[in-house]
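Student: Quick one: structure below, then a few questions.
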Amino acid sequence: MHKLLRDTPGEEMLLLGNEAIARGALEAGVSFTTCYPGTPSSEIPENFFKISRETDLYFEYSTNEKVAMEVAAGAAVSGLRTMVTMKHVGLNVAADPLMTLAYVGVRGGMVIINADDPSLFSSQNEQDNRYYARLSGLPMLEPTNTQEMKDMTVAAFDLSEELQLPVIIRTTTRLAHIRGPVVLGELKPIKTSAHFQKKPFHFVTVPAVSRNLHKLLLERYDQASEKSDSGSYNQIIGDGKWGIVANGVSFNYVSDAVSDLGIKDKVSILKLGFSWPMPQDLCIRFLKQVDKVLVIEELEPINENELKAIAQENGILIPIKGKGVGALSRLYEYDPGMVRKAVAQYFGVDYTPYEMLDMSDIPQLPGRPPNLCAGCPHRATYYAVKQVYGTDAIYPTDIGCYTLGVLPPISMADFVICMGSSVSSGCGFSKATDQKVVSFIGDSTFFHSGITGLVNAVHNNHKFTLVILDNGTTAMTGHQIHPGVDTAPMGIERTRISIENLVRGIGVEDIHVVKPFKLKKTMEAVKSAMEYDGISVIISQELCPLFAKATGQFKKARPFYINHSKCKNHRDCINLLACPAMYLDGDRVVIDKNLCIGCSVCAQVCPENAILPLKA
Amino acid sequence: METKRLVFIGVGGQGNLLASRLLGEAALSMKIPTVVSEIHGMAQRGGIVESAVLLGDVTSPIVSNAEADVLIGFEPLETLRALGKCNKDTVVITNTHALPPFTVAIGQGAYPPVEESLRLIRSKAKKVIALDGNAIAEAVGNPLALNMVMLGALIGSGTIPIGAKEMKKVLSTSTKKAFLESNLKAFDMGMEKAN
Chain C
364 MHKLLRDTPG
374 EEMLLLGNEA
384 IARGALEAGV
394 SFTTCYPGTP
404 SSEIPENFFK
414 ISRETDLYFE
424 YSTNEKVAME
434 VAAGAAVSGL
444 RTMVTMKHVG
454 LNVAADPLMT
464 LAYVGVRGGM
474 VIINADDPSL
484 FSSQNEQDNR
494 YYARLSGLPM
504 LEPTNTQEMK
514 DMTVAAFDLS
524 EELQLPVIIR
534 TTTRLAHIRG
544 PVVLGELKPI
554 KTSAHFQKKP
564 FHFVTVPAVS
574 RNLHKLLLER
584 YDQASEKSDS
594 GSYNQIIGDG
604 KWGIVANGVS
614 FNYVSDAVSD
624 LGIKDKVSIL
634 KLGFSWPMPQ
644 DLCIRFLKQV
654 DKVLVIEELE
664 PINENELKAI
674 AQENGILIPI
684 KGKGVGALSR
694 LYEYDPGMVR
704 KAVAQYFGVD
714 YTPYEMLDMS
724 DIPQLPGRPP
734 NLCAGCPHRA
744 TYYAVKQVYG
754 TDAIYPTDIG
764 CYTLGVLPPI
774 SMADFVICMG
784 SSVSSGCGFS
794 KATDQKVVSF
804 IGDSTFFHSG
814 ITGLVNAVHN
824 NHKFTLVILD
834 NGTTAMTGHQ
844 IHPGVDTAPM
854 GIERTRISIE
864 NLVRGIGVED
874 IHVVKPFKLK
884 KTMEAVKSAM
894 EYDGISVIIS
904 QELCPLFAKA
914 TGQFKKARPF
924 YINHSKCKNH
934 RDCINLLACP
944 AMYLDGDRVV
954 IDKNLCIGCS
964 VCAQVCPENA
974 ILPLKA
Chain W
51 METKRLVFIG
61 VGGQGNLLAS
71 RLLGEAALSM
81 KIPTVVSEIH
91 GMAQRGGIVE
101 SAVLLGDVTS
111 PIVSNAEADV
121 LIGFEPLETL
131 RALGKCNKDT
141 VVITNTHALP
151 PFTVAIGQGA
161 YPPVEESLRL
171 IRSKAKKVIA
181 LDGNAIAEAV
191 GNPLALNMVM
201 LGALIGSGTI
211 PIGAKEMKKV
221 LSTSTKKAFL
231 ESNLKAFDMG
241 MEKAN
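Line by line, the protein sequences are chains C and W.
If you read the first sequence in the numbering used here, its first letter stands for residue 364, the second for the next number, and so on.
If you read the second sequence in the numbering used here, its first letter stands for residue 51, the second for the next number, and so on.
Laid out in structure tokens, this is it:
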């Protein structure tokens, strides 16, 4: 039995933040779940996926976040309790359905999990998605620890049904990936089907309908405001004259700072857990009981500006500050030391910070950036393309493990802004310049948002090469399935969509399906694509070795070694491929037989044929 | 209750996330307030993996620079790099087995000699426990048991209020049977080294 299905109310478990959310959904009787995976949200759907195989829970990996939101919307307006999960930039993709779903609302509770990524641990930007609550008019909850992640999820379903609106829960990387104690509640049974009651003059958002719906949304927003003010997730802690406002993970930094500095009796903390709509009356009460205010919030000065507006409207003239105090900025995540220092500085508290060690005698240390794994097929594809196209071609890339191709010695990533952008920006690069263009996109990302770009490329007669790196899984986020995956080895019934047929159906005429570990043939295909006057697509097929190992599809091959009597130390292997199985022993290249998976790519690159399979 | 801030640092695949999680489980079993933080995702593709375990009267899930009570480094270069987390009272427990990053192999920088790294760490931290965790793991016949060796060394260091008994109890319930004996042996040998 899955650990999140334990029917042991009162038991305390150590759960990952994302597990706590999944458990909360189960305690709320969630029956319908969708997602597109994205760090730091991915463990929520991973758990739903497993649980759906043991229970009546419906779960799907949808093709992208917009699709996931719309699939969930269909179930929620029919009356099922529904959850959809995504990372912050995923909500950009789903923003279109989000904005008008807010108008029509839901019947079954619908909770949208949005995971922000301050400090960009695994993202292309660090946008603050609290703005989406304001943009859409939907309520937003922000938990501060694992217990609240579970409890607020349960509450969010009730709130959603009371307001008949989707509710957004915003987490951040820190919260998603902490482990902390959670006291379990009772599991609710899963309702498996619903009946959609037609109401076209509500659910069909033609202008005449939506004019009324916008008004309805504002009425519901007012109801949400009342709940924000009266509920327990917003509260004033303490009654001192120094006001501190905190939300999310920062609330912990504030609590610890107040204890560490010994100023508990001097402060009032306004904790914002139901952070949109802002609890107006509570904020006024808070502003009236303190002399000055420090707002602690990662990223944008949203609460700070809201409080300044509330103060202005109510004629309250006390100083309210946030960004700019100490090291508090709009950049990156906060940490306990930074918050402690800002609190001490703002309120004039004497304290001795921990003393940093003198690091001046530590030499420059070699970096350890993440790298494509030993035997990663992307490395072989990149090598083959570079041999043909050289370094002057423009290489738009996309979001996935293969973005690591930006690092030397591969150095084959020139532009990436979002999922799917490699294909469409390739259209722009090829028209705007005389340079050759080769765009790279992964299989899951191609299904997510590469297809429309390719349709555009074919229709508008663009001329470039698109390489689809098909490793048979969504590798970066933890090996989720997608429409192109052969799910049979995992014992899962899903219909597989052939990328080749899809590309052909779009109208691409020059298609090459290659096995990247066969370098010579791959390079021939790349040459042929380069000479083609139009759109060429190369589908480079080889399973991600980690995924293959995890699913029993790994074909064991003999690892390779370097015969040092043949090796003339050209180091093409290490200088051109930099496979992490290779290292230098003195001035000679050696292969770690425990890391080598026997892909043979380095053996094909070696000019001396000095790299050979180990004898069994 | 006294607060203890622990930072685990290692390289993707060394198992430091599992070590920090198991420590959190042991704390929970003893009713010691705990929060563990991890980094998942892109950081795991051969890069540096950091986790933190906080015990006692503290709710923040991460450790700021200069605030670690204990630094547990699974790789000597990474221990050295993470010294910014330490202050003059920090206890450092480090593996001495080097895993040079691929940047060194392609000529971007030199890997500092392990003895030199240890000398620098010793010159700054209050106490340093250095051990070849990989050699111990190999000796018990389970090369993946490095994290058990390091956990053993941590418990053996006496820096936190979690004893061998409680830790082993968690290991016994969360380890596959085939590895249990070698894991416990690795743990014991790590503990001995730290004593």
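By construction, the Cβ of each residue, glycine as well, lies at the ideal position given by its N, Cα and C atoms.
The model shown is predicted, which means the values in this text are computed figures rather than measured ones.
1) Can you list, in chain order, the residues of its chain with a C-beta nearer than 6 Å to that of Glu347 (chain C)? Leave out the 5 residues immediately preceding and following it.
2) Considering Cα atoms alone, identify which of C:Val456, C:Leu977, C:Met446 is closest to Met473 (chain C).
3) Less than 6 Å between C-beta atoms, sequence neighbours within five positions excluded: which residues of the same chain meet that for Ala941 (chain C)?
4) So Lys843 (chain C) is in the beta strand (DSSP E); what residue range does that whole segment cover?
5) The alpha helix (DSSP H) spanning Leu464 (chain C) covers which residue range?
6) Using only CA atoms, which one of C:Val530, C:Gly789, C:Gly813, C:Phe484 lies nearest to Trp639 (chain C)?
7) Taking Gly471 (chain C) as the reference, which of C:Leu909, C:Gln798, C:Val653, C:Ser556 has the closest Cα?
8) Which residues in the same chain as Gln916 (chain C) place their Cβ atom closer than 7 Å to its Cβ, once the five residues preceding and following it in sequence are excluded?
9) Measure the alpha-carbon distance for Lys135 (chain W) versus Val142 (chain W) and round it to whole angstroms.
10) For Lys627 (chain C), I'd like the list of residues in its chain whose CB is within less than 6 Å of its CB, leaving aside the five on either flank, ordered along the chain.
11) Note down, one range per segment and in chain order, each beta strand (DSSP E) of at least 3 residues found wholly within the region 918-966 of chain C.
12) Buried or exposed: which applies to Lys450 (chain C), given that a residue is buried once 16 or more other Cβ atoms fall within 10 Å of its Cβ?
13) For the region 400-429 of chain C, enumerate the residues whose C-beta is nearer than 7 Å to any C-beta of chain W, in chain order.
14) Can you tell me which of W:Met80, W:Gly62, W:Gln64 puts its alpha carbon nearest to the alpha carbon of Met376 (chain C)?
15) Figure out for me which residue from C:Ser692, C:Gly789, C:Ala385, C:Val706 has the closest Cα to the Cα of Tyr616 (chain C).
16) I want to see whether chain W comes within less than 8 Å of Tyr616 (chain C), judged by CB atoms only; does it?
17) For Glu165 (chain W), decide whether its Cβ has a neighbour in chain B, counting only Cβ atoms nearer than 8 Å.
18) Would a check of beta-carbon distances place Gly183 (chain W) closer than 8 Å to chain C?
19) Taking the CB atoms as reference points, tell me whether Gly60 (chain W) and Glu117 (chain W) lie closer together than 8 Å.
20) Please state the DSSP three-state secondary structure of Val658 (chain C).
21) Taking the runs of the beta strand (DSSP E) that are 3 residues or longer, which of them lie wholly in the region 404-460 of chain C?
22) Return helix, strand or coil for Cys398 (chain C), following the three-state DSSP convention.
23) What does the Cβ neighbour count give for Thr754 (chain C), buried or exposed, with the cut at 16 atoms within 10 Å?
24) What three-state label does DSSP hand Ser101 (chain W) in the structure shown?
25) Going by C-alpha distance, which of C:Cys969, C:His927, C:Ala391 is nearest Glu524 (chain C)?
26) Helix, strand or coil, according to DSSP, for Leu694 (chain C) in the structure here?
27) Output the distance between the C-alpha atoms of Pro976 (chain C) and Met701 (chain C), rounded to the nearest integer angstrom.
28) Closer than 7 Å, Cβ to any Cβ of chain W: which residues of the region 929-960 of chain C, in chain order?
29) What residues from the region 718-735 of chain C come within 9 Å of chain W, judged by C-beta to C-beta, listed N to C?
30) How close, in whole Å, do the beta carbons of Arg131 (chain W) and Pro733 (chain C) come, if the pair is a contact with beta carbons under 8 Å?
31) Once the 5 residues before and after Pro642 (chain C) are set aside, which same chain residues still bring their CB inside 7 Å of it?
32) Quick check: Leu779 (chain C) and Asp761 (chain C), are their CB atoms within less than 8 Å of each other?
33) Determine the burial state of Phe803 (chain C): buried for a count of at least 16 other Cβ atoms within 10 Å of its Cβ, exposed for fewer.
34) Take Phe809 (chain C) as the anchor and find which of C:Val572, C:Phe395, C:Asn834 has the nearest alpha-carbon.
35) So for Asn145 (chain W), helix, strand or coil by DSSP?
36) Kindly confirm or deny that the region 877-892 of chain C and the region 737-755 of chain C touch, where touching means at least three C-beta pairs closer than 8 Å.
Tutor: A quick look at the data gives this:
1) Since the first residue shown for chain C is 364 and the last is 979, residue 347 (chain C) is missing from the structure and cannot be characterised.
2) C:Met446
3) Pro772
4) The sequence given here has Gln at residue 843 (chain C), not Lys. Taken as a continuous stretch (DSSP letters only), Gln843 (chain C) belongs to no beta strand (DSSP E), as it is neither H nor E.
5) 458-467
6) Nearest of C:Val530, C:Gly789, C:Gly813, C:Phe484 to Trp639 (chain C), Cα basis: C:Val530.
7) C:Ser556
8) Within the same chain, Gln916 (chain C) has close Cβ partners Pro852, Leu906.
9) Near 10 Å, if we compare the C-alpha coordinates of Val142 (chain W) and Lys135 (chain W).
10) Val621
11) 923-925, 945-948, 951-954
12) buried
13) Thr402, Pro403
14) W:Met80
15) Out of C:Ser692, C:Gly789, C:Ala385, C:Val706, C:Val706 has the C-alpha closest to the C-alpha of Tyr616 (chain C).
16) Taking Cβ atoms only, chain W reaches closer than 8 Å to Tyr616 (chain C), which makes this a yes.
17) Reference to chain B is not applicable here, since the protein chains of this structure are C and W.
18) no
19) no
20) strand
21) Whole beta strand (DSSP E) segments, 3+ residues: 421-424, 445-450.
22) strand
23) With fewer than 16 other beta carbons inside 10 angstroms of its own, Thr754 (chain C) counts as exposed.
24) strand
25) C:Ala391
26) coil
27) 53 Å
28) Ile937, Asn938, Ala941, Pro943, Met945, Tyr946, Leu947
29) Glu718, Met719, Leu720, Asp721, Met722, Asp724, Ile725, Pro726, Gln727, Leu728, Pro729, Gly730, Arg731, Pro732, Pro733, Asn734, Leu735
30) Contact doesn't hold; Cβ gap of about 15 Å is too wide.
31) The answer, listed in chain order, is Ser591, Asp592, Asn597.
32) In the sequence on display, residue 779 (chain C) carries Val and not Leu. In this structure, Asp761 (chain C) lies closer than 8 Å to Val779 (chain C) by Cβ.
33) buried
34) C:Asn834
35) In the three-state DSSP reduction, Asn145 (chain W) falls in the strand class (E or B).
36) yes
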